Amino acid sequence: MASVLLTGGTGRLGRAAERSLLHKGDRVRILSRGAAPAGRDPDTWATGDLSTGRGLAEALLNIDTIVHLATSGRGDPDSAGHLIKAANAAGRPHLIYTSIVGVDRIPLFYYRAKLATEDLVQGSGLPWTILRSTQFHDLVFGLFASQRRLPLVIAPAIRFQPIDVRDVAAQLAGLVQAGPSGRVPDIGGPEVASAKDFAEITIEALGSRRRLLSARLPGKTFAAYRAGHNLAPDSLAGTITFGQFAAEASNRL
Ligand SMILES: NC(=O)c1ccc[n+]([C@@H]2O[C@H](COP(=O)([O-])OP(=O)(O)OC[C@H]3O[C@@H](n4cnc5c(N)ncnc54)[C@H](OP(=O)(O)O)[C@@H]3O)[C@@H](O)[C@H]2O)c1
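Residues 1 to 253 in our numbering are what the sequence shown lists, from first letter to last.
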C-alpha cells in the first residue's frame with residue numbers, strides 16, 4: 001500500500017485518480033490551494049500552493065509517492081521545481097508526472113513548458129515515472145460542445161485519439177504499484193478518428209442539429225497535428241469510448 005500525495009486531485013483527472021488509488025488500497029492526500037471540504041479527514045488533505053512552494057513540506061510528511069497532475073494551463077515548470085525541491089528534502093519519494101503525447105513535436109507554448117517539466121522530473125534526483133497521454137474526452141467534447149449554439153460547427157482537419165480520465169487514472173494507479181519506471185509507453189484512447197467525427201458525436205449527443213465543417217488550418221502547430229504527432233496508434237489502451245463519454249456528459253449539461 002502506497003502513501004500518495006496527489007497534486008491536482010481536485011481536477012478532472014485528479015478526481016478519477018483519487019478513486020482509482022483508493023480502490024487499489026493506497027492512502028491518498030490531495031494537495032489543493034483550497035481548504036479541505038467539511039468533514040474530510042485532515043490527513044487526506046493538504047492546503048498548499050505549488051507556484052510558491054507554500055505548504056509543500058507539510059503536505060509531503062510520510063509520503064512515498066507523488067502523483068503530480070496539477071496544472072495552471074501554463075505547463076508549470078516553476079511549480080514542478082518547487083515540488084522537486086520539497087520532495088528532495090522529504091525523503092525522495094517516487095515522482096509520477098503526467099504529460100501529453102506530442103509535447104516534443106507540437107510547437108504549442110503549453111507543450112514546450114510540459115516538455116521542460118519532463119526534463120526537470122528526469123533530472124530531479126528523485127526516482128521518477130513519466131506517462132504521456134493523448135487528449136482527454138472532456139477536452140475534445142468541450143471543443144465542440146462550446147460551438148453548439150452557432151449555426152456552423154467547425155472542426156479542424158486533424159485526427160484525435162481521446163481517452164477517458166478513468167482509463168488514465170487506472171493506468172496511474174498501476175504505475176504507483178509498479179514503482180519508478182522512467183518514461184513508460186504512451187497511452188491513448190480506443191479510437192483514432194477525424195475531429196469532424198468527434199464533433200458529430202458531440203452534437204448528436206447534445207440533441208442538436210448543426211452543419212459541420214472540416215477546416216484545414218494554417219501554421220506549424222496544425223501541420224504537426226495533421227502529421228499525427230498527437231496520436232498513440234500503437235496504444236489503443238482506453239476502454240471507454242468517446243460516444244459513451246459524450247452520452248454521460250450531455251446528461252450533465
Ligand atoms: N486535458 C487533457 O486533454 C490532458 C491530456 C494529457 C495530459 N494532461 C495533463 O493531465 C494533468 C491534469 O489535467 P486536468 O485537465 O485534470 O487538470 P485540471 O482539471 O485543469 O485541474 C488542475 C488542477 O491543478 C491544481 N492546481 C493549479 N494550480 C495549482 C497550484 N498553484 N498549486 C496547487 N495546485 C494547483 C488545481 O487544484 P486547486 O484548484 O484545488 O488548487 C486543480 O486540481 C495535467 O498535467 C495536464 O497537462 C491533460
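Where is the CB? At the ideal position from N, CA and C, for every residue including glycine.
All of these numbers come straight from a predicted model, not from anything done at the bench.
For HIS68, which of helix, strand or coil comes out of DSSP?
strand
Is any heavy atom of ligand 1 found at a distance shorter than 7 Å from the C-beta of LEU175?
no
From ILE84 to VAL4, what distance separates their C-alpha atoms?
Cα to Cα, ILE84 sits roughly 15 Å from VAL4.
Just curious, the beta strand (DSSP E) that HIS94 is in, first and last residue?
From DSSP, the beta strand (DSSP E) with HIS94 extends over 94-100.
According to the Cβ coordinates, are LEU152 and GLY188 closer than 8 Å?
no
Please indicate yes or no: does the CB of ALA70 lie closer than 7 Å to some heavy atom of ligand 1?
yes
If distances are taken between C-alpha atoms only, which option among THR221, PRO218, ASP49, ILE203 comes closest to ALA249?
ILE203
List the endpoints of the continuous alpha helix (DSSP H) containing PRO77.
77-88
Flag this pair as touching only if the segment 143-162 and the segment 1-17 have three or more C-beta atom pairs under 8 Å; answer yes or no.
no
Using three-state DSSP, classify THR202 as helix, strand or coil.
Residue state, collapsed to three classes: helix.
Any heavy atom of ligand 1 closer than 7 Å to the Cβ of ASP49?
With a threshold of 7 Å, the Cβ atom of ASP49 counts as near ligand 1, since some heavy atom of the ligand is closer than that.
Taking ARG210 and ARG148 to be in contact with their CB atoms under 8 Å, please state how far apart those CB atoms are, rounded to whole angstroms.
7 Å
Within the present structure, is the beta-carbon of LEU139 separated from the nearest heavy atom of ligand 1 by less than 7 Å?
yes
Between which residues of its own chain and TYR97 is the CB-CB distance below 6 Å, once the five residues before and five after are set aside?
HIS68, VAL121, ILE130
Could you spell out where the alpha helix (DSSP H) holding SER250 opens and where it closes?
242-252
Quick check: the segment 86-105 against the segment 53-71, are there 3 or more CB pairs under 8 Å?
yes
Between the Cα of ARG112 and the Cα atoms of HIS94, LEU143, ARG132, ARG74, which residue gives the shortest distance?
ARG74
Can you have a look at PHE141 and say buried or exposed, based on whether 16 or more other CB atoms are within 10 angstroms of its CB?
So PHE141 counts as buried.
Spell out the partners DSSP gives PRO156 in its beta bridges.
Note: PRO156 sits in a beta bridge opposite ALA215.
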